[in-house]
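A.B. asks: In the numbering used here, the protein residues as written are 38 to 486. Please read through the structure below; I'll follow up with questions.
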């Protein structure tokens, strides 16, 4: 078991006074009516399919039904950003529902609870995010209150899903489950009892606030002897499990935004069904805490033992932040982050402009003409990172390391030690295996614009 007590106190210091929060992220549900399995068979409703395909051709999608067979379905959004947009992407879908045209018309629902919570509370997304906008502002740091409110939002959404599902059965298939239940003289005849909702897959995040990726490097050092996949981009994402449906608890860690280090668990199969099955918010709250604790244990850590390492040279960070007119959290990422070559999208446009104004980044195309829209940190920033004994110093011989732009790795000229930001390492295969980044630079049309 890896805990802070296992690490000699003389080598590292941990920040005991750190804020964290637990949030529900993206969740996929299965919605169905159990008694329909017995009474309406398993045939494909061709009439409804052709009728709705003609009305809404763009809403017709392929689905895998409950028996894992390829079928056709229809998808409708159930929640969007309001016309008075909380963010610039007006009309973005927060949740949706897909119904299979094959009886018994099982539904598959999706909801981004980060976005749903922000819309309900009238909160703007975090402006200093490094990727996407499904992240709460950093000032929401009351762990217990936030998780309690998230559990209420989750429970309310489950009840709403039952109603929406029963209404769509009427609208698309002319099927009134309450009327059918009464005709069959079933004991329960209300849709709240007739419709079942189970969680198929869920992302649950533990976010440490005011922290950067490098402050949890001991997690990477522990996991790299088993399985680790690391991306050398702005978020510095590290995967500690393969993205396979056969793995019920997946774990990855990345820098979601300035000062927000996210530990993301993806639960599926029994994990999601067991820990997110309670409609009572109080029971759900305790169940989520249990699930997070069990998830950390699976990967060799204790939930309450996870603490960030104090950064070297932290006393100078505030001076640099004031000099560059940036937040302290962004300054941490610039100086201590592993990324050297960075790119930006529409959600990080403001960050790019801030860095350019202070001459902290330069276009990589000035060095390599084919890399349009890609940036590197300036020479001045690199010298500061080296002076603060950051990631450029070799852990083996303490010499300065050079960055290899083609291999996405730091290389020590003295002892040839390498720190790669794009590799896969398994316990049964210790060789480095190159992989394609999640968002290939060459194909990123949004960046080129």
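Where is the CB? At the ideal position from N, CA and C, for every residue including glycine. It should be emphasised that the depicted structure is a prediction, and the values quoted were computed from it without experimental measurement.
Provide the residue span of the alpha helix (DSSP H) that contains residue 260, from first to last.
C.D. replies: Segment 254-260, the alpha helix (DSSP H) holding residue 260.
A.B. asks: Throw me the rounded Cβ distance for the residue 278 and residue 292 pair, which I believe falls under 8 Å.
C.D. replies: The pair is not a contact, with the Cβ atoms about 19 Å apart (cut-off 8 Å).
A.B. asks: Starting from residue 238 and walking both ways along the beta strand (DSSP E), at which residues does that stretch end?
C.D. replies: From DSSP, the beta strand (DSSP E) with residue 238 extends over 233-246.
A.B. asks: Among 110, 133 and 109, which one has its Cα closest to the Cα of residue 117?
C.D. replies: When each option's Cα is compared against that of residue 117, the closest is 133.
A.B. asks: What whole-angstrom Cβ distance do residue 301 and residue 254 have, given they're in contact under 8 Å?
C.D. replies: That belief does not hold up - the Cβ atoms of residue 301 and residue 254 are roughly 17 Å apart, past 8 Å.
A.B. asks: If you draw a straight line from the C-alpha of residue 315 to the C-alpha of residue 212, how long is it?
C.D. replies: The straight-line gap from Cα to Cα measures roughly 28 Å.
A.B. asks: Per DSSP, what kind of secondary structure is residue 170 in: helix, strand or coil?
C.D. replies: Coil, per DSSP.
A.B. asks: Let me confirm a value: residue 194 is counted as buried when at least 16 other C-beta atoms fall within 10 Å, else exposed. Which label applies?
C.D. replies: Burial call: buried.
A.B. asks: Find out if the Cβ-Cβ distance for the pair residue 135, residue 145 is shorter than 8 Å.
C.D. replies: Yes. Within cutoff.
A.B. asks: Please state whether the Cβ-Cβ distance between residue 107 and residue 131 is less than 8 Å.
C.D. replies: Not a contact, by the Cβ cut-off of 8 Å.
A.B. asks: Kindly confirm or deny that the stretch 254-265 and the stretch 55-74 touch, where touching means at least three C-beta pairs closer than 8 Å.
C.D. replies: No: the two stretches stay apart, fewer than three of their Cβ pairs being nearer than 8 Å.
A.B. asks: Would the stretch 174-187 and the stretch 96-103 be scored as touching if the rule is three or more Cβ pairs under 8 Å?
C.D. replies: With a cut-off of 8 Å, the stretch 96-103 and the stretch 174-187 do not count as touching, because too few Cβ pairs lie within range.
A.B. asks: Once DSSP output is grouped into helix, strand and coil, what is the label at residue 78?
C.D. replies: Residue 78 falls in the coil class under three-state DSSP.
A.B. asks: What is the residue span of the alpha helix (DSSP H) that residue 134 lies within?
C.D. replies: First-last for residue 134: 130-137, but that is the beta strand (DSSP E), not the alpha helix (DSSP H).
A.B. asks: Assuming residue 304 contacts residue 327 under a Cβ cut-off of 8 Å, what Cβ separation, rounded to an integer in Å, is found between them?
C.D. replies: At roughly 12 Å, the Cβ-Cβ gap does not stay under 8 Å, so residue 304 and residue 327 are not in contact.
A.B. asks: DSSP three-state call for residue 422: helix, strand or coil?
C.D. replies: Helix.
A.B. asks: Just to confirm my understanding: we take residue 122, look at its own chain, exclude 5 residues before and 5 after, and list those with CB closer than 7 Å. What are they?
C.D. replies: Residue placement at residue 122 is flagged as unreliable, the pLDDT there being 43, under the threshold of 50; the coordinate-derived value follows with that caveat. For residue 122, where only same-chain residues beyond five positions count, there are no Cβ hits under 7 Å.
A.B. asks: Please determine, among 79, 415 and 244, the residue with the shortest C-alpha to C-alpha distance to residue 183.
C.D. replies: Of the candidates 79, 415 and 244, the one whose C-alpha sits nearest the C-alpha of residue 183 is 244.
A.B. asks: 8 Å is my cut-off, CB to CB: does residue 233 come that close to chain B?
C.D. replies: Of the chains in the structure shown, none is chain B; there is only one protein chain.
A.B. asks: Do you know how far the Cα of residue 369 is from the Cα of residue 382?
C.D. replies: Spanning the two alpha carbons is a distance of roughly 21 Å.
A.B. asks: Apply the 10 Å Cβ neighbour rule to residue 98 and answer buried if 16 or more other Cβ atoms are within range, or exposed otherwise.
C.D. replies: Residue 98 comes out exposed.
A.B. asks: Determine, using beta-carbon pairs with one atom in the stretch 342-362 and one in the stretch 81-93, whether at least three such pairs fall under 8 Å.
C.D. replies: Segments in contact, no.
A.B. asks: Could you tell me which uninterrupted alpha helix (DSSP H) segments, each at least 4 residues in length, are contained entirely in the stretch 305-340, listed from first to last along the chain?
C.D. replies: For the stretch 305-340, whole alpha helix (DSSP H) runs of length 4 or above, ordered along the chain, are 307-312 and 318-335.
A.B. asks: Under a Cβ-count criterion, where at least 16 other Cβ atoms within 10 Å of its own Cβ denotes burial, should residue 53 be classed as buried or exposed?
C.D. replies: Exposed, by the Cβ-count rule.
A.B. asks: Express the C-alpha separation of residue 157 and residue 55 in angstroms, rounding to a whole number.
C.D. replies: Spanning the two alpha carbons is a distance of roughly 27 Å.
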